[in-house]
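**Student:** Under my numbering, think of the first position of the sequence shown as 10, with each following residue one higher.
Structure provided below as structure tokens; questions to follow.
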Amino acid sequence: KIILDETFIDFREEESLVRDTTKLTNLFILRSFSKFFGFPGLRLGCGIGNKDLIKRLELERAPWTVNALAQLAGIEALRDRQYIIKTHKFINKESQFLFKKLLEIEGIKPYPSSANFILIKILKPLSSTQLRDKLGKGGIIIRDCHDFRGLDNRFIRVAVRTRKENLQLLDKLWRLLERLS
Numbered sequence: 010k011i012i013l014d015e016t017f018i019d020f021r022e023e024e025s026l027v028r029d030t031t032k033l034t035n036l037f038i039l040r041s042f043s044k045f046f047g048f049p050g051l052r053l054g055c056g057i058g059n060k061d062l063i064k065r066l067e068l069e070r071a072p073w074t075v076n077a078l079a080q081l082a083g084i085e086a087l088r089d090r091q092y093i094i095k096t097h098k099f100i101n102k103e104s105q106f107l108f109k110k111l112l113e114i115e116g117i118k119p120y121p122s123s124a125n126f127i128l129i130k131i132l133k134p135l136s137s138t139q140l141r142d143k144l145g146k147g148g149i150i151i152r153d154c155h156d157f158r159g160l161d162n163r164f165i166r167v168a169v170r171t172r173k174e175n176l177q178l179l180d181k182l183w184r185l186l187e188r189l190s
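As structure tokens, then:
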């Protein structure tokens with residue numbers, strides 16, 4: 010069985026593997042509404058797979074797994090094409106801006122991203138936890154990636170936010186790393 014997490018794919022207009030589920034009987038795709046549509050407290054997502062696979066999973070499914078409010082919110086979110094188009098444009102523009110500016114900061118290495126966040130390797134003598142804590146004191150929240158499989162205490166993840174918030178992150182990150190030079 011192949012389980013594919015497409016939680017962040019909605020942030021890009023790239024092709025998902027959903028269509029392949031008709032011919033790949035062992036492919037199961039997970040999607041979430043909480044990231045792209047901003048429903049963090051509303052538990053809503055879906056699983057997509059071959060008809061036979063879905064039938065087998067249905068036998069194990071607990072009743073009432075999604076409440077009526079979440080169902081209604083999901084339906085309305087999918088109908089809001091303007092939000093989807095606007096969000097794609099915004100994320101593309103801000104992601105490019107943030108990545109370009111991060112490249113200019115000495116002491117870090119940002120990695121290109123296709124989501125609404127950017128992975129960064131810290132090249133200075135500072136751990137991801139230390140950087141997270143120092144930025145947190147200034148009101149900047151980042152994701153410490155030290156416990157992600159394949160990464161270590163030199164990796165953080167930053168979210169693509171509004172231009173104002175991105176500029177605040179860049180300024181505080183630059184000031185902090187500049188002091189270590």
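Just so it is clear, CB atoms sit at the ideal spot from N, CA and C, and this is done for glycine as well.
The structure presented is a predicted model; accordingly, all values stated were derived computationally and were not measured.
Smallest Cα separation from residue 108: which of 48, 159, 63, 178?
**Tutor:** With distances taken between Cα atoms, residue 108 lies closest to 178.
**Student:** Look up residue 119 in the DSSP assignment and give the residues it is bridged to.
**Tutor:** Residue 119 is bridged to 129.
**Student:** Helix or strand or just coil, what does DSSP make of residue 104?
**Tutor:** helix
**Student:** So residue 59 packs on residue 87, CB below 8 Å; how close in whole Å?
**Tutor:** The pair is not a contact, with the Cβ atoms about 22 Å apart (cut-off 8 Å).
**Student:** Residue ranges of each alpha helix (DSSP H) run of no fewer than 4 residues wholly in the segment 64-90, ordered along the chain?
**Tutor:** 77-88
**Student:** Tell me the DSSP secondary structure of residue 50 in three-state form.
**Tutor:** coil
**Student:** Output the boundary residues of the beta strand (DSSP E) element that contains residue 14.
**Tutor:** Unbroken beta strand (DSSP E) run through residue 14: 11-14.
**Student:** Here's the rule I'm using: 16 or more other beta-carbon atoms within 10 Å means buried, otherwise exposed. How should residue 72 be labelled?
**Tutor:** exposed
**Student:** Is the segment 83-103 in contact with the segment 132-143, if contact means three or more CB pairs nearer than 8 Å?
**Tutor:** No: fewer than three Cβ pairs fall under 8 Å.
**Student:** Taking Cβ positions, are residue 45 and residue 14 nearer each other than 8 Å?
**Tutor:** no
**Student:** For residue 159, which option in 130, 91, 80, 121 has the closest C-alpha, if you only look at C-alpha atoms?
**Tutor:** 130
**Student:** Three Cβ pairs or more, each shorter than 8 Å: is that satisfied between the segment 179-188 and the segment 109-117?
**Tutor:** yes
**Student:** Measuring alpha carbon to alpha carbon, tell me which residue in 67, 50, 149 is nearest residue 57.
**Tutor:** Per the Cα distances, 67.
**Student:** Between residue 136 and residue 154, is the Cβ-Cβ spacing less than 8 Å?
**Tutor:** no
**Student:** Sort 28, 157, 35, 151 by Cα distance to residue 65 and report the nearest one.
**Tutor:** For the residues 28, 157, 35, 151, the minimum Cα distance to residue 65 belongs to 35.
**Student:** According to DSSP, simplified to helix, strand and coil, what is residue 136?
**Tutor:** coil
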